[in-house]
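Chains as they are written, first to last, in the working numbering: chain A, 1 to 351; chain B, 352 to 702; chain C, 703 to 1053; chain D, 1054 to 1404. Inspection log for the structure reproduced underneath, given as structure tokens.
Number of protein chains: 4
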Amino acid sequence: MERIRTGILGATGTVGQRLIALLEHHPQFAVTAVAASDRSEGKRYAEACSWRLPGEMPAAVRTVVVQAPRPPLDCDIVLSSLPSDIAGPIELDFARAGYPVISNSAAHRMEETVPLLLPEVNPDHLALLESDGGKREQGFIVTNPNCSTIMIALALAPLAARFGIEAVVVSTMQALSGAGYPGVASLDITDNVLPFIANEEEKIARETRKILGRWNGSRIDPAPFPVSAQCHRVNVMDGHLAAVRVKLGSSAELTELEDAFTSFRGLPQQLGLPSAPEHPIVVRAEPDRPQPRLDRDAGGGMSVTVGRIARDEVLGHRFVALSHNTIRGAAGAAILNAELLAARGYICAGR
Amino acid sequence: MERIRTGILGATGTVGQRLIALLEHHPQFAVTAVAASDRSEGKRYAEACSWRLPGEMPAAVRTVVVQAPRPPLDCDIVLSSLPSDIAGPIELDFARAGYPVISNSAAHRMEETVPLLLPEVNPDHLALLESDGGKREQGFIVTNPNCSTIMIALALAPLAARFGIEAVVVSTMQALSGAGYPGVASLDITDNVLPFIANEEEKIARETRKILGRWNGSRIDPAPFPVSAQCHRVNVMDGHLAAVRVKLGSSAELTELEDAFTSFRGLPQQLGLPSAPEHPIVVRAEPDRPQPRLDRDAGGGMSVTVGRIARDEVLGHRFVALSHNTIRGAAGAAILNAELLAARGYICAGR
Amino acid sequence: MERIRTGILGATGTVGQRLIALLEHHPQFAVTAVAASDRSEGKRYAEACSWRLPGEMPAAVRTVVVQAPRPPLDCDIVLSSLPSDIAGPIELDFARAGYPVISNSAAHRMEETVPLLLPEVNPDHLALLESDGGKREQGFIVTNPNCSTIMIALALAPLAARFGIEAVVVSTMQALSGAGYPGVASLDITDNVLPFIANEEEKIARETRKILGRWNGSRIDPAPFPVSAQCHRVNVMDGHLAAVRVKLGSSAELTELEDAFTSFRGLPQQLGLPSAPEHPIVVRAEPDRPQPRLDRDAGGGMSVTVGRIARDEVLGHRFVALSHNTIRGAAGAAILNAELLAARGYICAGR
Amino acid sequence: MERIRTGILGATGTVGQRLIALLEHHPQFAVTAVAASDRSEGKRYAEACSWRLPGEMPAAVRTVVVQAPRPPLDCDIVLSSLPSDIAGPIELDFARAGYPVISNSAAHRMEETVPLLLPEVNPDHLALLESDGGKREQGFIVTNPNCSTIMIALALAPLAARFGIEAVVVSTMQALSGAGYPGVASLDITDNVLPFIANEEEKIARETRKILGRWNGSRIDPAPFPVSAQCHRVNVMDGHLAAVRVKLGSSAELTELEDAFTSFRGLPQQLGLPSAPEHPIVVRAEPDRPQPRLDRDAGGGMSVTVGRIARDEVLGHRFVALSHNTIRGAAGAAILNAELLAARGYICAGR
């Protein structure tokens, strides 16, 4: 099978490196172009990029020359992990030039015509691409949610489906890699917690409602429940953790919640997409799990781990969720989106 | 003025060391006896204790011989920081032997006749000592709250007084020193968060209600609102942080909340107790404060710092609170309790 | 091929867990017995052991019942990761009962008749087993070096062979997992360095000399050069780092050193032992490598990474070495020893 | 007494903030001008500077307007903590404009006519200011050493004086604050060690030789012994640690080394300079000291703590040294230099 030629925008950054690592042996995609907005233009990737993941930079990409993030690029689709402040117009340029753009950036997530895709949860939102008329031939943008939102929305999805949700209260403890590189200064986080991540609390609230919203035939009606998020940066490399309280729409035994989590499967599992974890949500029974270091790599970094399911005096129910913020929360999310788009025929080799 | 002769139970532990450090130059109390439950009995304190605070062990205590934690001890009062699993009967023995026991342990906190004292908040709860009849002559037990509860209850007190409280939702990020020594293994917490602290969530809920409860003339009616706590251990030396949502009993502008925090003063401030901070609650306006490393020492470690006051979509209002868990949250709390007891005539030199 | 039935002594500890994880899919060894000295006797392994490695406990071992570390055990050989304070007599008991004992413990390393085996460096030291007469039929003990010593000796071996060595000065920065569990208290190491590891400096000195010593036909003559070691514990999970200066016996260009490292191969590579890394020593050219987090997993955790090769004003030459202390430095070392013993016919299935 | 009006160059940086904090209540110096090279020009200091030290920004400096680092400034002297890459010409401009410049920057340290001053060790090097003819009236530059070098040279000084030194081998473990702000990215140092600090090894070698060199009547003859340094960044906020081996010029008992350290006093102690610690070198007998977190604040951050004095198989003697890198190693060093210059009449109020 011919592989889909893939360009990476923001290829030298934290998420860009993860994309390249995860695609190294991918059966459907091959990295054929790398682009970055910084001063690395014109250098070979091996020179332009200070590889910060354990292990070696994939050999195939070492000699690829870094280009400016402007069309045309030698590829069928682009995966974008550009910084949010510049992603907006660049991604639009690529879409207008006919490229399918699968983006991890926040720039277009909340636009009415752009799917905010979480393949296990809202694959029907891809209808937005159809409704958008002829545009699809001219390229399009599909986004994945914010790194924290992905795990929260994925964990809430089976509860919303089975019990209904009336309110969500979430407190996050987020990893350093979520801030990119150089990101958080070590002087700021050593022996410390930062109780602030710019725009994160707003993103979690509005993106969760969009993801869990309903396609009404012409647009997405956001889910009607309020979401309260307080976000904190903690001294952890990878793995966002969220303490969640949820007010359900109907009464529910704890075993029913656990069953809802454990039995949850989505379209990626049905289709057997290459990056789809067998268990989108893993439930752990130990009283002190999930933990970032021990659970972030569950399902190859694509599973959300849930634990500490209990009754809550104020909201009714509570649990703790965790996932790998640069795999399920960013690079892996974009790749799973691309896999779903390929399975559905929205993208293919030889555009 | 003659100083009150003070015995320290649990003198070699984390909180015991803090007690000794804070009392080094205290105007009212002098450490005359040290006791510990471990194998240090019979050794001089300097040999028995591996001093883990920055700076030198106070000279005066170096040659004091460590005794078993059994009455009699050469002192007028005892400050107890014994481990909870052994504190119960030992503290009772001292009280029965006529010693005022000021305890940081959880053993007796929830007993009906024992004050759970937070001097700025519920000094009237000392009425329990009166109602307890002749017992006072025979010694008594006064406890301070759990390290997290102290800062939460202190921050809630002015809101309860001004607006009323209907529900509280709190997510904590707690420091390593809260677990004592050796406490948390470095292999468990490096690059990690632990979403579990044994019994902590229950303590926060029930202690907060007792502290903010009302003395009805014969006992304490707990505050009627529900408290939901999710507790986490993070990689920070000192300084517990709490993300708090609160449903108030009446509408409140954010400036009113800020004013309630900032203007809050209690009996310790009126009486000018030596360990009372000028500002029990410090409000910071920066978007990324409070932070453990920068704010834990506010007010000599006795102030609670509050920041990020905002509206909350689910509960109505939110903020972040922080305090030093081994000073305001433990050793300093016990000493402030002792100072209030001295000011009120419950304890004195030459028992 | 029938697999060698393997018993693990100290199976619930940090190194014991690594042994079980590394043997999960091993072609030659199958874990058939687990033993531990603690209170886990009689429980199934899944209940007795708090699994602290990322990922799940291997399924096959979950239901194996933990036994006391006493012969007989249902196995052909034992791999021992017992704590040093109890390993001595227990390992001797097993050897006397006829078991080949492959030990990671320090107890017998320096005994005259016990090989201190580093398979790439001194496989000829196995001659000690021959010289020891009939004892082999009755079982024997083969030890691997201390976790720091392994990487130092492995890095020095090609230099000793090509240039000769006259003196070694090494300063280590060692990871937390080297101290076992619970090991180093988080209160001791957060925002800190500990300039002391009990007995470590002496072990590095004497074990390095034994490993690099010569089999003279009847015993091992230790290498004659002095070794100076200063050891420090740093806030790193896995991966010991050593800053090394070496006085060589002959002049050497830096490129010659690099070539000596890079071209180094040993018997495990010739024999294609399953755990043998293709490159025992990996040289990195970047000025800021090796780093524990980025390089500890090189060669599956079995390679030593060397960098910063340079001239030294005092000793002549210097470099920095790093390896994974619980893989190459402990569990993987024991397994590689076992593989060599199997290849040489010292151990086999169906003892 | 009139205080010397002091300008701070690089006032918003890590060392600049320390200078301002240490001068808040200084009896001789008053901060009257602040300058910075960044975009803070024209703002009040409170707005321009994100204060990162525990506690509040000193009130007196909050409203001072930040100026460009160009003469004239409203002050008698300038203390410079400018980044090395821009300090050179700026400091020269100030000196030429008649200002005494007391600099923490590396730019001019190795110039033949500039004293590299460590007041306890080489106050006679101030003769360079005399020899430099009329220049002194026109301003001059006095530098303090690199943060690591200060503690190494201070610890070596009494050994050089009493026994002579033939060679020094030092391995450092340096704190994050030594890299300034934002400095080291948290992604680079969490669960890691960086075996590289740009130019640091060379600085330690050549600066140590200059400090311990001899004034020969016309210039400084560097000390003749070789210095080998290997430098590492570790996950510690403040406090550089150095593992030192030293080859002495004559035999020495360990008690003699200890006595040399303990009894060492210099001119600052004789003169009673305000920032001079009573004990320039504190010796600790515990086997696991010095430690950064416990010992960095010894002597108000101005003492060097030495421990683990022992014989060394290769170099003869060894010890471990530690000091606070932004107090004794930077801001406090510059202030002590200024105090010595004032005591010697080189600077005064009302220039």
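Ideal placement from N, C-alpha and C gives every residue a C-beta, glycine not left out.
query                                                                                                                                                                      : result
May I ask you to list the residues that DSSP assigns as paired with D/W1268?                                                                                               : D/I1273
What does the Cβ neighbour count give for A/P27, buried or exposed, with the cut at 16 atoms within 10 Å?                                                                  : exposed
Could you tell me the distance, in whole angstroms, from the CA atom of B/V520 to the CA atom of B/V595?                                                                   : 6 Å
If we require 4 or more residues per run, which alpha helix (DSSP H) segments fall completely within the stretch 516 to 559 of chain B?                                    : 537 to 540
Just the C-alpha distance for D/G1141 and A/H108, rounded to the nearest angstrom, thanks.                                                                                 : 47 Å
Can B/A448 and B/P422 be called in contact, C-beta distance under 7 Å?                                                                                                     : yes
Under a CB-based cut-off of 7 Å, is B/G485 close to chain D?                                                                                                               : The predicted position of B/G485 is uncertain, since its pLDDT is 47 and thus under 50; a value taken from the coordinates is nonetheless stated next. Taking Cβ atoms only, chain D never reaches closer than 7 Å to B/G485, which makes this a no.
Is DSSP giving A/N33 helix, strand or coil here?                                                                                                                           : Here the sequence assigns Ala to residue 33 of chain A, which means Asn is not the residue at that position. It is a strand residue.
Count the CB pairs spanning the stretch 807 to 827 of chain C and the stretch 993 to 1005 of chain C that are closer than 8 Å, and state whether there are at least three. : no
D/F1193 bridges to which residues according to DSSP?                                                                                                                       : D/P1153
Would the beta-carbon of B/D542 fall within 7 Å of that of D/D1244?                                                                                                        : yes
Is DSSP giving D/I1057 helix, strand or coil here?                                                                                                                         : strand
In angstroms with no decimal places, state the Cα-to-Cα distance between C/W753 and B/G490.                                                                                : 48 Å
Using beta carbons (cut-off 7 Å, strictly below), is C/L996 in contact with chain A?                                                                                       : yes
Using only the alpha-carbon positions, how far apart do A/K135 and A/T262 sit?                                                                                             : Any reading at A/K135 must be qualified, since the residue scores a pLDDT of 48, below 50, and its modelled position is unreliable; the value itself is stated next. Spanning the two alpha carbons is a distance of roughly 39 Å.
Considering Cα atoms alone, identify which of A/G13, A/P54, A/V283, A/G332 is closest to A/L23.                                                                            : A/G332
Taking the straight line between their C-alpha atoms, what separation do you get for A/A59 and A/G42?                                                                      : 18 Å
For C/T892, go through chain A and note every residue whose CB falls closer than 9 Å to its CB, in chain order.                                                            : T190, D191
Could you tell me the alpha carbon to alpha carbon distance between C/H942 and B/A511, rounded to whole angstroms?                                                         : 53 Å
Note down, in chain order, each residue of its chain lying with its Cβ closer than 6 Å to the Cβ of B/F576, except the 5 sequence neighbours on either side.               : I516, E517, A518
Go to D/R1298, then tell me how far its alpha helix (DSSP H) extends in each direction, as first and last residue.                                                         : Looking at the DSSP string, D/R1298 is not in any alpha helix (DSSP H); the run it does join, the beta strand (DSSP E), is 1293 to 1301.
Just verifying my parser: in three-state terms, what is the DSSP assignment at B/I437?                                                                                     : helix
Since A/T14 and A/S177 are thought to touch, with beta carbons under 8 Å apart, how far apart are those beta carbons, to the nearest angstrom?                             : 6 Å
Between A/L241 and chain B, is there a C-beta pair that is closer than 7 Å?                                                                                                : yes
Looking at the C-beta of A/S186, does it have a partner C-beta in chain D at a distance below 7 Å?                                                                         : yes
Around the C-beta of A/V234, are 16 or more other C-beta atoms found within 10 angstroms, so that it is buried, or is it exposed?                                          : buried
Give the DSSP bridge partners of B/F514, in chain order.                                                                                                                   : Paired residue(s): none; B/F514 is not in a bridge.
List the whole-angstrom C-beta distance separating A/P54 from C/R995, where the pair is believed to meet the contact cut-off of C-beta under 8 Å.                          : 7 Å
Taking 7 Å as the cut-off, decide whether the C-beta atoms of D/M1290 and C/V895 are in contact.                                                                           : no
What residues match up with C/D1014 in a beta bridge as DSSP calls it?                                                                                                     : C/G1018
Roughly how many angstroms separate the alpha carbons of A/G316 and A/A242, rounded to a whole number?                                                                     : 17 Å
Would you mind working out which of B/C400, B/D425, B/L424 sits nearest B/R413, comparing C-alpha positions?                                                               : B/C400
Answer with yes or no whether the minimum CB distance from D/Q1227 to chain C is below 7 Å.                                                                                : no
Among the candidates D/I1264, D/H1285, D/Q1283, D/A1282, whose CA atom is the shortest distance from the CA of D/P1275?                                                    : D/I1264
By the 10 Å Cβ neighbour count, where 16 or more other Cβ atoms means buried, how is C/S977 classified, buried or exposed?                                                 : buried
Would DSSP call D/G1360 helix, strand or coil?                                                                                                                             : strand
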